[in-house]
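J.: Handing you a structure now.
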Amino acid sequence: NAGVTQTPKFRILKIGQSMTLQCTQDMNHNYMYWYRQDPGMGLKLIYYSVGAGITDKGEVPNGYNVSRSTTEDFPLRLELAAPSQTSVYFCASSYTQPPYEQYFGPGTRLTVT
Amino acid sequence: AQTVTQSQPEMSVQEAETVTLSCTYDTSESDYYLFWYKQPPSRQMILVIRQEAYKQQNATENRFSVNFQKAAKSFSLKISDSQLGDAAMYFCAYRSLNYGGSQGNLIFGKGTKLSVKP
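One line per chain: the protein sequences are V and U, in this order.
Note that the first sequence covers residues 531 to 643 in our numbering.
Note that the second sequence covers residues -4 to 113 in our numbering.
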């Protein structure tokens, strides 16, 4: 049981490049989330999904896109990378029932230069 | 919208001593969940403890306990018998049970960096 896995762990992008951050969970959770963590800040929600085929924007969605074709996978796409997207990205998943604990992946540190 | 405030950017504690981390939140909802997460240098987010708002009894997990004051909207974390491995960032988080908005995402405070001195 691997929990939530994310790839890659680290990435450096040039301004204007694009990339996809991968996220997979093996706990059969319906709810999945993408957060970003900037230095000295808590995590902020980028996008979330309540099940395969259903996604919606969170607090900071600009510059990102997501898809959810399966229960297990929830990739995050960065289009036209900008320095403001330098951050640590976390994927998380949770059950739809109490106690609603969110399980986090190990994070991806992304630098855009 | 709900907000979470952690007023202590950094705290320090001597090994084996007790430390309390503060968290306040703002909400108009009556039912919700509160969490404390630990983030060591490895970056992994680890759940420390959770509290259901409808429960008056404070949650406890081994050396970790909370002081939940619903009327004051306060949710502090007490770490007893501090150990070197407790050194980390600690985040307080709020989860709404109102499904009219984002589905169950966590709203985080900015975190408190805890150092443990040997």
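All C-beta atoms, glycine included, are put in the ideal place defined by N, C-alpha and C.
Note that the structure is a prediction, hence the values are computed from the model and not measured.
Along chain U, which residues have their Cβ under 9 Å away from the Cβ of residue 618 (chain V)?
T.: The answer, in chain order, is 38.
J.: In the structure shown, what three-state DSSP assignment does residue 556 (chain V) receive?
T.: Three-state result, residue 556 (chain V): coil.
J.: Flag residue 575 (chain V) as yes if its beta-carbon sits less than 8 Å from any beta-carbon of chain U, otherwise no.
T.: Yes, contact with chain U.
J.: Please report the distance separating the alpha-carbon of residue 108 (chain U) from that of residue 29 (chain U).
T.: Roughly 19 Å separates the two Cα atoms.
J.: Measuring alpha carbon to alpha carbon, tell me which residue in V:556, V:574 and V:643 is nearest residue 610 (chain V).
T.: Checking every option, the nearest Cα to that of residue 610 (chain V) belongs to V:643.
J.: Given that a residue counts as buried once 16 or more other Cβ atoms are within 10 Å of its Cβ, and exposed if not, what is residue 117 (chain U)?
T.: Residue 117 (chain U) is absent from the model: chain U starts at -4 and stops at 113.
J.: List, in order along the chain, the chain U residues whose C-beta lies closer than 8 Å to that of residue 624 (chain V)?
T.: Near residue 624 (chain V) (Cβ distances below 8 Å), the residues of chain U are 99.
J.: Per DSSP, what are the beta-bridge partners of residue 534 (chain V) in this structure?
T.: Its beta-bridge partners are V:555.
J.: Is residue 561 (chain V) near residue 575 (chain V), with beta carbons less than 8 Å apart?
T.: Not closer than 8 Å, so no.
J.: Quick check: the Cα distance between residue 551 (chain V) and residue 42 (chain U), rounded to an integer number of angstroms?
T.: Cα to Cα, the separation comes out at about 23 Å.
J.: Roughly how many whole angstroms lie between the Cα atoms of residue 630 (chain V) and residue 581 (chain V)?
T.: So the alpha carbons of these two residues sit roughly 15 Å apart.
J.: CA-CA distance, residue 74 (chain U) and residue 112 (chain U)?
T.: When rounded, the distance between both Cα atoms is 14 Å.
J.: For residue 618 (chain V), which residues from the same chain have a beta carbon less than 6 Å from its beta carbon, with the 5 sequence-adjacent residues on both sides left out?
T.: If we look at residue 618 (chain V) and ignore the five residues flanking it on each side, its Cβ neighbours are 567, 637 and 639.
J.: In this structure, does DSSP put residue 80 (chain U) in helix, strand or coil?
T.: Here residue 80 (chain U) sits in helix by DSSP.
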